[in-house]
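Numbering (my numbering), first residue to last: -17 to 170.
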């Protein structure tokens, strides 16, 4: 099961929700059947600061979305990225962090743009995450490609962590065996 925290800084039409939302999707990527779980912790928020009330350490990836025609949603996304970064620093201990993607949505409303693309790109670089601008209204394919790309990054990250644990475990076992059997004391 791959878990994502998906944060929409502003609601979109009937998507608006007054509660946390959890979505389940079964899909196939690169010949592998995957169960995707997407958690939207604050889709109802239009405040400048949205607090992630749920712990985020269980998530395998993050998608943080802001509306390019709404400066407040960008500030909100910035705060969410800060919370994610702080949680990753506390939990990673030098390990490669989980994949994060910052998404500027409503690219079709570029005539009403309040957040320039360079601001989004700069924020993504500061937080070492992927960046993309899309229009969910014009092309669902861009969104599908974004999720596919992020899921592939998550799978690489999970493999990296598993390989690291396996290496660390075998190294510890070798050290234990060496301590027990490896060193022979000289007889006097």
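All residues carry an ideal CB built from backbone N, CA and C; glycine is no exception.
Expected contact under 8 Å - CB spacing of residue 86 and residue 50 to nearest Å:
Sequence index remark: in the chain shown, residue 86 carries index 104 (1-based). Sequence index remark: in the chain shown, residue 50 carries index 68 (1-based). With 8 Å as the limit, residue 86 and residue 50 qualify as a contact, their Cβ atoms being about 5 Å apart.
Test item: CB-CB of residue 46 and residue 4 under 7 Å:
Along the chain shown, read from residue 1 onward, the residue named residue 46 stands at position 64. Along the chain shown, read from residue 1 onward, the residue named residue 4 stands at position 22. Cβ atoms of residue 46 and residue 4: not closer than 7 Å.
Let me know the secondary structure DSSP gives residue 22 once reduced to three states.
One-based indexing of the chain shown puts residue 22 at position 40. Looking at residue 22 - three-state DSSP - the assignment turns out to be strand.
Contacts around residue 101, its chain only, beta-carbon distance under 8 Å, and the 5 residues preceding and following it disregarded:
Counted from its first residue, the chain shown places residue 101 at position 119. 56.
Might you give, ordered along the chain, the residues of its own chain that have their beta carbon closer than 6 Å to the beta carbon of residue 124, omitting 5 neighbours on each side?
Here residue 124 is taken as the residue at index 142 of the chain shown, counted from 1. Once the five neighbours on either side are set aside, the close Cβ partners of residue 124 are 116.
What residue range is occupied by the uninterrupted alpha helix (DSSP H) comprising residue 103?
As a first step, residue 103 is located in the chain shown; it is residue number 121 there, counting from the start. Here the alpha helix (DSSP H) through residue 103 covers 99 to 108.
Could you have a look at residue 14 and say whether DSSP puts it in helix, strand or coil?
Residue numbering aside, residue 14 sits at position 32 when the chain shown is read from its first letter. Strand at residue 14.
Same chain only: Cβ atoms within 7 Å of residue 94, ignoring 5 sequence neighbours per side
For this step, residue 94 is matched to residue 112 along the chain shown. 51.
Rounded to the nearest angstrom, how far is the Cβ of residue 59 from that of residue 90, given a contact under 8 Å?
On the chain shown, position 77 is the one that residue 59 refers to. On the chain shown, position 108 is the one that residue 90 refers to. Incorrect: roughly 19 Å between the Cβ atoms, too far for contact.
I need the straight-line Cα distance from residue 96 to residue 62, nearest angstrom please.
One-based indexing of the chain shown puts residue 96 at position 114. One-based indexing of the chain shown puts residue 62 at position 80. If you take the alpha carbons of residue 96 and residue 62, they lie about 19 Å apart.
By how many angstroms is the C-alpha of residue 145 removed from the C-alpha of residue 20?
Walking along the chain shown from the start, residue 20 turns up at place 38. Walking along the chain shown from the start, residue 145 turns up at place 163. Taking the straight line joining both Cα atoms gives about 25 Å.
Given this structure, state the Cα-to-Cα distance separating residue 107 from residue 80, to the nearest angstrom.
By 1-based counting over the chain shown, the position of residue 107 is 125. By 1-based counting over the chain shown, the position of residue 80 is 98. Whole-angstrom Cα-Cα distance: 15 Å.
Taking the CB atoms as reference points, tell me whether residue 44 and residue 11 lie closer together than 7 Å.
As a first step, residue 44 is located in the chain shown; it is residue number 62 there, counting from the start. As a first step, residue 11 is located in the chain shown; it is residue number 29 there, counting from the start. Not in contact: residue 44 and residue 11 (Cβ atoms no closer than 7 Å).
Give the straight-line distance between the Cα atoms of residue 136 and residue 15, rounded to the nearest whole angstrom.
Position 154 of the chain shown, counted from the start, is the residue given in the question as residue 136. Position 33 of the chain shown, counted from the start, is the residue given in the question as residue 15. Looking at the two C-alpha atoms, the distance is approximately 14 Å.
If I follow the unbroken beta strand (DSSP E) through residue 89, where does it start and stop?
Within the chain shown, numbered from 1, the residue matching residue 89 stands at position 107. It is not in any beta strand (DSSP E) - residue 89 carries neither H nor E in the DSSP assignment.
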